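A.B. asks: Numbering-wise (this note's numbering), the sequence shown opens with residue 101 and increments by one. The beta-carbon is built from N, C-alpha and C at its ideal position, and this holds for glycine as well. In this text, all values refer to a predicted model and were calculated from it rather than measured experimentally.
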Amino acid sequence: MASYIFRRLLLMIPTILGIMIINFVVIQFVPGGPVERMIAQLQGHNVGATARFSGGGSDMAMEATPQAAGQSSKYRGAQGLDPEFVAELEKLYGFDKPAYVRFGTMLVNYLHFDLGESYYRDIGVLPLVLEKMPVSISLGLWSTLIIYLISIPLGIKKAVKDGQAFDVWSSAAVFIGYAIPSFMFAIMLIIVFAGGRYFDWFPLRGLVSENWQEMSFPQLALDYMWHMALPVCAMVISGFASLTMLTKNSFMDEINKQYVLTARAKGLSEKRVLYGHIFRNAMLIVIAGFPSAFMHIFFTGALLIEVIFSLDGLGLLGYESVINRDYPVVLGTLYIFALMGLVMTLVRDIVYVMVDPRIDFEGRRV
Numbered sequence: 101m102a103s104y105i106f107r108r109l110l111l112m113i114p115t116i117l118g119i120m121i122i123n124f125v126v127i128q129f130v131p132g133g134p135v136e137r138m139i140a141q142l143q144g145h146n147v148g149a150t151a152r153f154s155g156g157g158s159d160m161a162m163e164a165t166p167q168a169a170g171q172s173s174k175y176r177g178a179q180g181l182d183p184e185f186v187a188e189l190e191k192l193y194g195f196d197k198p199a200y201v202r203f204g205t206m207l208v209n210y211l212h213f214d215l216g217e218s219y220y221r222d223i224g225v226l227p228l229v230l231e232k233m234p235v236s237i238s239l240g241l242w243s244t245l246i247i248y249l250i251s252i253p254l255g256i257k258k259a260v261k262d263g264q265a266f267d268v269w270s271s272a273a274v275f276i277g278y279a280i281p282s283f284m285f286a287i288m289l290i291i292v293f294a295g296g297r298y299f300d301w302f303p304l305r306g307l308v309s310e311n312w313q314e315m316s317f318p319q320l321a322l323d324y325m326w327h328m329a330l331p332v333c334a335m336v337i338s339g340f341a342s343l344t345m346l347t348k349n350s351f352m353d354e355i356n357k358q359y360v361l362t363a364r365a366k367g368l369s370e371k372r373v374l375y376g377h378i379f380r381n382a383m384l385i386v387i388a389g390f391p392s393a394f395m396h397i398f399f400t401g402a403l404l405i406e407v408i409f410s411l412d413g414l415g416l417l418g419y420e421s422v423i424n425r426d427y428p429v430v431l432g433t434l435y436i437f438a439l440m441g442l443v444m445t446l447v448r449d450i451v452y453v454m455v456d457p458r459i460d461f462e463g464r465r466v
């Protein structure tokens with residue numbers, strides 16, 4: 101197992117490198133970069149980002165007075181601006197160097213987890229990610245745990261009652277949950293329960309109330325649960341369907357195997373057969389898939405939910421960074437996400453071995 105882990109760790113290097121190369125190249129061709137946004141802001145256009153020059157905008161605007169009218173520029177909206185001023189902006193954001201030099205410098209810094217500084221926030225990318233991460237981890241962890249607590253018993257029940265009335269009507273509920281995206285269900289919850297149209301029972305935004313510093317610990321815990329109820333519910337509804345069917349199909353495959361028939365022939369009770377023999381083998385794929393399921397919810401599911409409910413986590417941070425063309429934050433968070441995803445994939449394989457020691461990765465080629 102140790103040699104397999106070592107090979108997987110070595111494989112992470114080209115994988116992360118490929119991910120970063122692709123995204124770095126894509127970013128180079130995205131219009132409306134930080135230099136263009138700064139030029140638009142200095143010319144009085146609302147670009148929706150808070151730049152570093154916001155405190156001294158008048159001075160910069162005076163510097164940016166047209167001195168080279170009619171001269172072409174590679175930046176949209178920069179025609180007529182002093183080329184030296186545009187060059188200063190390029191130097192500020194690091195665009196005065198060739199792309200391959202910027203990429204190489206970025207990789208060297210990333211090896212030391214120096215992810216740079218945000219263009220529009222007075223903070224480094226790594227502290228910013230660490231600041232937002234607890235919100236996303238909290239949302240993903242609670243959602244994943246509740247999904248497992250619902251899906252596993254429901255999947256087992258559906259396997260035992262296969263073809264009966266319970267299996268039929270529960271399948272209808274599962275398929276409805278599978279068909280409704282999490283963001284659509286979140287909007288429905290807001291309309292019904294968050295003052296959208298009918299009831300005003302739950303808060304619309306935030307993780308805690310504004311007066312949370314004045315609350316005792318029990319009050320703070322209840323306030324936290326009150327704010328998390330709708331976001332977690334929206335993610336659970338869309339996430340439990342696939343795991344439920346996976347659990348059911350896994351149990352169905354095991355129920356008809358020879359060792360189950362032998363256990364029943366020995367006179368063991370159905371409960372003993374189900375939980376003493378079938379459960380461990382059937383739950384192998386379900387339990388071992390927990391790390392990857394958590395990462396899937398953490399990466400993809402939480403993005404729109406955080407935006408809809410204004411939860412200040414990594415999903416909302418990533419969305420705002422893409423909109424504002426905050427490239428250090430975009431690439432830095434992508435690096436952290438890729439690294440965590442690869443590590444959790446390795447953890448999944450280790451969990452496979454812990455659940456079922458018969459699995460041997462030593463002889464497996466990566």
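Between the alpha carbons of Ser103 and Met454, how many angstroms are there, rounded?
C.D. replies: The residue given as residue 103 occupies position 3 in the sequence shown. The residue given as residue 454 occupies position 354 in the sequence shown. Going by the C-alpha atoms only, they are around 16 Å apart.
A.B. asks: Between the segment 333–349 and the segment 253–268, are three or more C-beta pairs nearer than 8 Å?
C.D. replies: Enough Cβ pairs lie closer than 8 Å, so yes.
A.B. asks: Check each candidate in Trp242, Gly415, Leu384, Val268 and name the one with the smallest Cα separation from Val229.
C.D. replies: The residue given as residue 229 occupies position 129 in the sequence shown. Of Trp242, Gly415, Leu384, Val268, the residue nearest in Cα terms is Gly415.
A.B. asks: DSSP puts Glu494 in a beta bridge; with which residues?
C.D. replies: Not covered by the structure: residue 494. The range shown for the chain is 101 to 466.
A.B. asks: Where Ile72 and Lys366 are concerned, what is the direct C-alpha to C-alpha distance, given to the nearest angstrom?
C.D. replies: There is no way to answer for residue 72, as the model of the chain reaches only from 101 to 466.
A.B. asks: Which residues does DSSP list as the beta-bridge partners of Ala294?
C.D. replies: To locate residue 294, count along the sequence shown from 1; it is residue 194. Ala294 pairs with Asp300.
A.B. asks: Using a threshold of 8 Å, state whether the C-beta atoms of Ser238 and Val336 are closer than that.
C.D. replies: Here residue 238 refers to the residue found at position 138 when the sequence shown is read from its first residue. Here residue 336 refers to the residue found at position 236 when the sequence shown is read from its first residue. The answer is no: Cβ separation not under 8 Å.
A.B. asks: Touching or not, the segment 299–309 and the segment 325–339, by the rule of three or more beta carbon pairs under 8 Å?
C.D. replies: These segments touch.
A.B. asks: Is it the case that the Cβ atoms of Ile119 and Ala438 are separated by a distance below 8 Å?
C.D. replies: As a first step, residue 119 must be located in the sequence shown, where it is residue number 19. As a first step, residue 438 must be located in the sequence shown, where it is residue number 338. Against a cut-off of 8 Å, the Cβ pair of Ala438 and Ile119 comes out as a contact.
A.B. asks: For Glu184, count neighbouring Cβ atoms within 10 angstroms of its own Cβ and tell me buried if that reaches 16, exposed if not.
C.D. replies: The residue you call residue 184 lines up with position 84 of the sequence shown. The residue in question, Glu184, is exposed, as its Cβ has fewer than 16 Cβ neighbours within 10 Å.
A.B. asks: Under three-state DSSP, which class holds Arg425?
C.D. replies: By 1-based counting over the sequence shown, the position of residue 425 is 325. Correct three-state label for Arg425: coil.
A.B. asks: With DSSP collapsed to three states, give me the class of Ser410.
C.D. replies: Against the sequence shown, residue 410 aligns to sequence position 310. Note: Ser410 maps to coil in three-state DSSP.
A.B. asks: Whole angstroms is fine: what's the gap from Val332's alpha carbon to Thr362's?
C.D. replies: On the sequence shown, position 232 is the one that residue 332 refers to. On the sequence shown, position 262 is the one that residue 362 refers to. Cα to Cα, the separation comes out at about 43 Å.
A.B. asks: Less than 8 Å between the C-beta atoms of Leu403 and Tyr419, yes or no?
C.D. replies: Here residue 403 refers to the residue found at position 303 of the sequence shown. Here residue 419 refers to the residue found at position 319 of the sequence shown. Yes, the pair counts as a contact, with Cβ atoms nearer than the cut-off.
A.B. asks: In the structure shown, what three-state DSSP assignment does Met335 receive?
C.D. replies: Start at 1 with the first residue of the sequence shown, and residue 335 comes out as number 235. The answer is helix: DSSP assigns Met335 an H, G or I state.
A.B. asks: According to DSSP, simplified to helix, strand and coil, what is Asp449?
C.D. replies: For the purposes of this step, residue 449 is taken as residue 349 along the sequence shown, with counting starting at 1. In the structure shown, Asp449 sits in a helix (DSSP, three-state: H, G or I).
A.B. asks: Would you call Pro134 buried or exposed, if buried means 16 or more other Cβ atoms sit within 10 Å of its Cβ?
C.D. replies: Residue numbering aside, residue 134 sits at position 34 when the sequence shown is read from its first letter. Pro134 is buried by the Cβ-count criterion.
A.B. asks: Are there three or more Cβ pairs, one per stretch, closer than 8 Å when the segment 313–323 is compared with the segment 353–362?
C.D. replies: Using a Cβ-Cβ distance cut-off of 8 Å, the segment 313–323 and the segment 353–362 are not in contact, since fewer than three pairs of beta carbons, one from each stretch, lie closer than that value.
A.B. asks: Spatial neighbours of Gly432 within its chain, please: C-beta separation below 6 Å, excluding the five flanking residues on both sides.
C.D. replies: One-based indexing of the sequence shown puts residue 432 at position 332. Residues Leu215, Val225 of the same chain have their beta carbon placed closer than 6 Å to that of Gly432, with the five preceding and five following residues left out of the count.
A.B. asks: Once DSSP output is grouped into helix, strand and coil, what is the label at Asn209?
C.D. replies: Position 109 of the sequence shown, counting from 1, holds the residue named residue 209. In the three-state DSSP reduction, Asn209 falls in the helix class (H, G or I).
A.B. asks: With a threshold of 8 Å on Cβ separation, who are the neighbours of Tyr359 within its own chain once the five nearest residues in sequence on each side are excluded?
C.D. replies: As a first step, residue 359 is located in the sequence shown; it is residue number 259 there, counting from the start. Here Tyr359 has His377 as same chain residues with Cβ atoms under 8 Å from its own Cβ, once five neighbours each way along the sequence are excluded.
A.B. asks: With DSSP collapsed to three states, give me the class of Met315.
C.D. replies: As a position in the sequence shown, residue 315 is number 215, starting the count at 1. Three-state result, Met315: coil.
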